[in-house]
Amino acid sequence: MNNRFQITEFCHHFLEEYIEEGAICIDATAGNGNDTEFLCKMVGELGKVYVFDVQKTAIENTKKRLEEKGLTGRAELILDGHEKLTQYVKEEASVIVFNFGYLPGGDHSISTKVSTSLAGVEQALGLLKVGGVMNLCIYSGKDTGYEEKEALLSYLKELDSKRWLVIVSSYYNRKNDPPLPVFVIRLK
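Using our numbering, read the sequence shown as starting at 1 and increasing by one per residue.
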């Protein structure tokens, strides 16, 4: 019961409403494959999930996870940065997921950066279909920068409110820089 309030499960619960079988989705930061697995299950056999990460370890972890779950045919794993989404994806996506920060269990010196994160979010907005949602899980704290969090939030605040709905949630009573779940819905 308590697990569903962890950021990933909380976001997945929200995103379920936006993914139909056969949908196109993007996991812009593969990590260890948790979001990829969720998206692959949701899109079904007819859907497709584009999966990005700059770390070979992340792609390998995700590939292994998908193999164990029998979901490999639903994902295209791409060893490249999310700032290059439009070089690989030519279709509109129902859901796009980002986790900013570092690879859980990985090298904390390798983390997402302001310039590539902003470029990735900007490209993702162009790929999101009307009625689709982009989810950003923003981790900030001693290992990851507050600069990235502030840059992303500043960028999102300036989006045209007639075209985009930006929802920023928070774990308000949690200490030590809890993650920040953000949802961006394309209205038109």
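Every residue gets a Cβ at the ideal spot worked out from N, C-alpha and C, and that includes glycine.
Fair warning: this is a prediction, and the values are worked out from it, not measured in the lab.
If you follow the alpha helix (DSSP H) that residue i is in, where does it begin and where does it stop?
i     : result
GLY47 : Premise fails: GLY47 is in no alpha helix (DSSP H) and is neither H nor E.
Pull up the distance between the alpha-carbon of residue i and that of residue j, whole angstroms please.
i      : j      : result
SER154 : GLU20  : 31 Å
ARG65  : ILE138 : 23 Å
ARG174 : ASP160 : 31 Å
LEU152 : GLU37  : 26 Å
MET1   : PRO181 : Below a pLDDT of 50, predicted positions are generally treated as unreliable, and MET1, at 48, falls in that range; no measurement from the model is reported.
LYS84  : LEU136 : 17 Å
PRO179 : LEU125 : 22 Å
Could you pull out every residue in the same chain whose Cβ sits closer than 8 Å to the Cβ of residue i, ignoring the five residues on either side in sequence?
i      : result
GLY132 : TYR18, GLU92, ALA93, SER94, VAL95, ILE96, ILE185 and ARG186
ASN61  : ALA30, GLY31, ASN32 and GLY33
VAL130 : ARG186, LEU187 and LYS188
Which residues mark the beginning and the end of the beta strand (DSSP E) in which residue i is found?
i      : result
GLU76  : 75 to 79
LEU180 : 180 to 186
Answer yes or no: do residue i and residue j have a C-beta to C-beta separation smaller than 8 Å?
i      : j      : result
SER28  : GLY120 : Going by the sequence as given, residue 28 is Ala instead of Ser. Yes, the Cβ-Cβ distance between ALA28 and GLY120 is below 8 Å.
LEU127 : ILE26  : yes
LYS63  : LEU77  : yes
Excluding the 5 residues preceding and the 5 following residue i in the sequence, name in chain order all residues of the same chain whose CB lies nearer than 7 Å to its CB.
i      : result
GLY251 : One cannot answer for residue 251 here, as it falls past the ends of the chain, which runs 1 to 188.
LYS69  : GLU37
4 or more residues per run - each alpha helix (DSSP H) lying fully within the segment 119 to 176
Taking only runs of at least 4 residues, the alpha helix (DSSP H) segments lying wholly in the segment 119 to 176 are 146 to 157.
List in chain order: all unbroken beta strand (DSSP E) runs of 3+ residues lying wholly within the segment 2 to 49.
24 to 27
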